[in-house]
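Participant: Structure incoming, see below.
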Amino acid sequence: MPSYPEAPWQTHGQAWFRPYLVDASTVTPPPGLEVLSRAGRCIGLLGYVSYEAPSPLVYQELLWMPARVRARTVSGQAVG
1067 MPSYPEAPWQ
1077 THGQAWFRPY
1087 LVDASTVTPP
1097 PGLEVLSRAG
1107 RCIGLLGYVS
1117 YEAPSPLVYQ
1127 ELLWMPARVR
1137 ARTVSGQAVG
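Count along the sequence shown starting at 1, add 1066, and that's the number in our numbering.
Okay, structure coming up:
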């Protein structure tokens, strides 16, 4: 198992994100979360992040966030 530098990391690099309309019926969030949608659609986000030197770790990430969600606290207050 590789070791990692101590947090917090001072990262450097670039990121690109693009929003997409997603059919909300295709998104199944974990328990406790609800998809925020309108007219049966929600907004998803596709992202690419490139962490570059002098970051402590150099790597790339491809991200897919299928929907914006809302959580409810134990008291029922909406968060998100």
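For every residue, glycine included, the Cβ atom is placed at its ideal position computed from N, Cα and C. This one's a predicted model, so the numbers in the text were calculated from it and none came from an experiment.
Tell me the residue span of the beta strand (DSSP E) that contains residue 1095.
Facilitator: Here residue 1095 belongs to no beta strand (DSSP E), and DSSP marks it neither H nor E.
Participant: Quick check: residue 1133 and residue 1101, are their CB atoms within less than 7 Å of each other?
Facilitator: Cβ atoms of residue 1133 and residue 1101: closer than 7 Å.
Participant: Of the choices 1117, 1096, 1106 and 1113, whose alpha-carbon is the least far from that of residue 1128?
Facilitator: When each option's Cα is compared against that of residue 1128, the closest is 1113.
Participant: Please classify residue 1124: does DSSP put it in a helix, a strand, or coil?
Facilitator: If DSSP states are grouped into helix, strand and coil, residue 1124 belongs with coil.
Participant: Pull up the distance between the alpha-carbon of residue 1119 and that of residue 1070, whole angstroms please.
Facilitator: Near 15 Å, if we compare the C-alpha coordinates of residue 1070 and residue 1119.
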